[in-house]
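For reference, the structure is listed below as structure tokens.
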Amino acid sequence: MTSFGEFIAKRRKQLNLTQKQVAAGIKQDDGKPLSVQYLNDIEHGRRGAPPDYIIVQLAKLLRLELDVLYFRAGRLPLDIRNRSISDDRAAAAYRAFRRELRQSKKS
């Protein structure tokens, strides 16, 4: 599986966007645009997946499903993380997810 950064870079290129264009479209929590260097570092694996508020903006800008970006980042989506879920329900959800992956691999 490709890394978060590789995935973002590939999608950016599919949309014919430059790093400068993407960085300008992403706002940091202080309202300033993301630096091109920060995006470059993410794309080249020198930084891990960014904070949630940047992932949300990247999903919109790159026209990707938010859940896909959370998956690529190795995180649960915020709406799931913020729920109170029992250990049994979490384990059942992961089992169902694994079962689905096995079935889709066979077809």
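For the sequence shown, our numbering gives the first residue as 1422, with consecutive numbering after it. Quick reminder that beta carbons are idealized off the backbone N, C-alpha and C, glycines included. Computed from a predicted model, the values in this text were never measured in an experiment.
- In the three-state DSSP reduction, K1481 falls in the helix class (H, G or I).
- Relative to H1465, the option among V1443, S1507, S1424 whose CA is nearest is S1424.
- Excluding residues up to 5 positions away in sequence, R1432 lie with their Cβ nearer than 7 Å to the Cβ of L1485 in the same chain.
- Sequence-distant Cβ neighbours of K1448 in its own chain, meaning closer than 8 Å and more than five residues away, are P1454, L1455, Q1478.
- If you draw a straight line from the Cα of R1493 to the Cα of F1428, it comes to about 8 Å.
- Close CB contacts of A1470 within its chain, under the 6 Å cut and outside five residues either way in sequence, are with F1425, A1494 (chain order).
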